[in-house]
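Here the working numbering is used: the first residue of the sequence shown is 2, the next is one more, and so on.
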Amino acid sequence: MCLLPTMVEANKGKDEVYDRMLLDYFFSYHQFIHLLCRVAINCEKFTETLVKMSVLVAYEGLPLHLALFPKLWTELCQSQSSMSKNCIKLLCEDPVFAEYIKCILMDERTFLNNNIVYTFLTHFLLKVQG
């Protein structure tokens, strides 16, 4: 399942019916990936592959303004476990993650109105730039 920004016919907030239809279609997929990541974290089986999948799905779903990815990673960042630190390192080294942040700042600025997303960026922006 893939939703590229070029496939979206209207920016978020321009057409509420269109926004709702996109969300209805893609939300269960994003929710499943989010749940898969949380289960892997709880079982301490969160691998590099899951980190990459997590960021790819988040990037593809950015036009939907879903806060699942920022919420998960903000919680991991606030955790002090060695697994979370390793996963954060992998995430910050992923070029797709840098592109995700760039896309929020350049193309999806209204997403920053979400407190979860704003907090997420306060944690990760310097880590990606540094």
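Glycine included, every Cβ here is placed at the ideal spot set by N, Cα and C.
Span of the alpha helix (DSSP H) around residue i
i, result
"H124", "N116 to Q130"
"T75", "L69 to Q79"
"H31", "E17 to N43"
"S85", "S83 to E94"
"T50", "E49 to E61"
CB contact flag (residue i, residue j, <8 Å)
i, j, result
"V118", "L57", "no"
"S55", "C38", "yes"
"L63", "E109", "yes"
"Y60", "E94", "no"
"L91", "E45", "no"
"I105", "L122", "yes"
"T75", "H35", "no"
"F27", "C88", "no"
Candidates the options: closest to residue i by CA position
i, options, result
"F112", "K46, V40, L92 and A68", "A68"
"S29", "L65, E17 and A41", "L65"
"N116", "Q81, S82, M107 and P71", "P71"
"Q81", "M107, K103, I102 and I42", "I42"
"F129", "V40, T120, I102 and N114", "In the sequence as displayed, the identity of residue 129 is Val instead of Phe. It is I102."
"S85", "N114, L51 and V18", "L51"
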